[in-house]
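Per my numbering: the sequence shown = residues 6 to 320.
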Amino acid sequence: MKRILVTGGAGFIGSHLCERLLNDGNEVICLDNFFTGSKEKIVHLLDNPYFELVRHDVTMPYYIEVDEIYNLACPASPVHYQFNAIKTIKTSVMGAINMLGLAKRVKAKILQASTSEVYGDPQIHPQIEDYWGNVNPIGIRSCYDEGKRCAESLFVNYHNQNNVRIKIVRIFNTYGTRMETDDGRVISNFIVQALRGEDLTIFGDGKQTRAFQYVDDLVEGMIRMMATGDDFIGPVNIGNPDEFTMLELAEKIIEITGSKSKIIFQPLPKDDPMQRQPDISLAREKLNDWHPVIKLEDGLKRTIAYFDQLLKETN
Ligand code: NAD
Ligand code: UDP
């Protein structure tokens, strides 16, 4: 049995990861400051004697003996990471320093939840890991993008200088159950709007693209990455290569929900990337042929059922 620390464990992805790690027979310590996460997401795990919940902020050092660390703490939705941009940078940078320091002291393996945002508004399509990205360093997304880029640099330098065993995954747009109704990201927004019969808000002309992966596929990829030998540190893209425009996504969600909602167009936020699609050749090669198995339509149906239930309970 391994003892595993998951920072940001009470968030959307973190809660799924904690559950999977417990089911795999590990002891899990979930650390979170509940900025965007909540106890509701992990309440069903609290009775498990191998699960521990810790309220803590990763910008402060934390001491514990663990075998592995998954570092997920950081708001991920533009609305939330822009709410307090300086705090977002502190979380990414000081959080990485604190968790890498911990990994160094206790000789733990540590995985960083990096992001496709390190590629910014990419000029290479689809994105490969060797691409350095096109990020505006002073734009409204920079607190997140540059914070995550700095964290990658910290990880690589702790590895090079201090032999810390690191893993970096670059996560592409992920969705699924346990997202919040006010998360602000596109899939949850569209589903909640469709279920409430409100207009679906497309930003810009809706021709920008994203490639969406269901959370279970991501969790499988992260666990496979952690299990690789020490010589493979990444970064590795984890995402679903099926690419859609936001207009296609809105139409699909209206169709599946059978909603009478209309589509309306609102201004495109500054620096919003126009296209995004992962090249997952490296993940296939290094992670035992890892590839997404859940199609958008199936993942949407599960997520719609979840939000439908949630809205009925809260209304
Ligand atoms: P989320 O906002 O649901 O989860 C983030 C969690 O981190 C929350 O529980 C939040 O309370 C916690 N947190 C934030 N600041 C903290 C701090 N200073 N100290 C302790 N805990 C803190 O978002 P998510 O979608 O679950 O994302 C999880 C991770 O995956 C993030 O690091 C994010 O950057 C990365 N990621 C997510 C996506 C995606 O599409 N969901 C894509 C790329 C990368
Ligand atoms: N978007 C949209 N309507 C919304 C929320 C988002 O059209 O209500 C667009 C947004 O402008 C972006 C895409 O959907 O082009 C994905 O946005 P999200 O915030 O989910 O993720 P990110 O931009 O970080 O990939």
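Cβ coordinates follow ideal geometry from the N, Cα and C atoms, glycine included.
{"query": "Closest by C-alpha distance to Gly152, when choosing among Phe177, Lys112 and Glu122", "result": "Glu122"}
{"query": "Cβ-based burial, Leu116 [other Cβ within 10 Å; buried from 16]", "result": "buried"}
{"query": "Inter-stretch contact (C-beta, 8 Å, three-pair minimum) for the region 95-106 and the region 176-196", "result": "no"}
{"query": "Inter-stretch contact at 8 Å, needing at least 3 Cβ pairs: the region 38-50 / the region 77-84", "result": "yes"}
{"query": "For Leu205, the nearest candidate out of Lys265, Tyr67 and Gln314 (CA to CA)", "result": "Lys265"}
{"query": "Ala81 Cβ short of 6 Å to ligand 1 heavy atom set", "result": "yes"}
{"query": "For Gly306, the first and last residue of its enclosing alpha helix (DSSP H)", "result": "Residue identity differs from the one stated: residue 306 is Lys in this sequence, not Gly. Run containing Lys306: Leu301 to Thr319, per the alpha helix (DSSP H) assignment."}
{"query": "Asp221, DSSP secondary structure in three states", "result": "helix"}
{"query": "6 Å CB neighbourhood of Pro278 in its chain, flanking five on each side removed", "result": "Asp126"}
{"query": "3-residue-minimum beta strand (DSSP E) runs that sit fully inside the region 228-294, ordered along the chain", "result": "241-243, 248-250 and 268-271"}
{"query": "Among Ile269, Tyr86, Glu185 and Phe249, nearest to Leu316 - alpha-carbon criterion", "result": "Glu185"}
{"query": "Alpha-carbon to alpha-carbon, Asp62 and Ile9", "result": "17 Å"}
{"query": "Start-to-end residues for the beta strand (DSSP E) that takes in Tyr75", "result": "Glu73 to Asn76"}
{"query": "Beta-carbon proximity of Ala216 to Phe177, cut-off 7 Å", "result": "yes"}
{"query": "Beta strand (DSSP E) segment containing Ala81, residue limits", "result": "Premise fails: Ala81 is in no beta strand (DSSP E) and is neither H nor E."}
{"query": "Per-residue burial, Pro142 [other beta carbons within 10 Å of its own, 16 or more giving buried]", "result": "exposed"}
{"query": "Minimum C-alpha distance to Leu159 - residue among Ile173, Lys112 and Cys148", "result": "Ile173"}
{"query": "heavy atom of ligand 1 below 6 Å from Val98 C-beta", "result": "no"}
{"query": "Delimiting residues of the alpha helix (DSSP H) encompassing Val59", "result": "That residue, Val59, is in no alpha helix (DSSP H); its beta strand (DSSP E) goes Phe56 to Arg60."}
{"query": "Cβ shell of Ser97 (< 7 Å), same chain only, five flanking positions each side left out", "result": "Cys79, Gly152, Lys153, Cys155 and Ala156"}
{"query": "Ile207 Cβ short of 6 Å to ligand 2 heavy atom set", "result": "yes"}
{"query": "Rounded Cβ spacing between Cys35 and Glu57 (contact assumed at less than 8 Å)", "result": "7 Å"}
{"query": "C-beta contact flag for His296 and Arg307 at 7 Å", "result": "no"}
{"query": "Stretch-stretch touch, CB-based, cutoff 8 Å, three pairs: the region 236-248 with the region 195-202", "result": "no"}
{"query": "Which residues DSSP lists as bridging Thr214, in chain order", "result": "Thr250"}
{"query": "Straight-line Cα distance separating Leu287 from Ala113", "result": "24 Å"}
{"query": "CB contact flag (Ile2, Asp284, <7 Å)", "result": "Since the first residue of the chain shown is 6 and the last is 320, residue 2 is not available in this structure."}
{"query": "According to DSSP, residues forming a beta bridge with Lys114", "result": "Glu73"}
{"query": "Close-in-space but distant-in-sequence residues of the same chain around Pro66 (CB under 6 Å, 5 per side omitted)", "result": "Asn103"}
{"query": "Beta-carbon proximity list for Phe249, same chain, < 8 Å, skipping 5 on both sides", "result": "Thr214, Arg215, Ala216, Phe217, Lys257 and Leu301"}
{"query": "Burial state of Asn245 (16 or more Cβ within 10 Å)", "result": "buried"}
{"query": "Test item: CB-CB of Thr64 and Lys95 under 7 Å", "result": "yes"}
{"query": "Beta-carbon spacing of Met251, Ile299 below 7 Å", "result": "no"}
{"query": "Proximity to Tyr124 [Cα-Cα], best of Ser147, Arg110 and Leu50", "result": "Ser147"}
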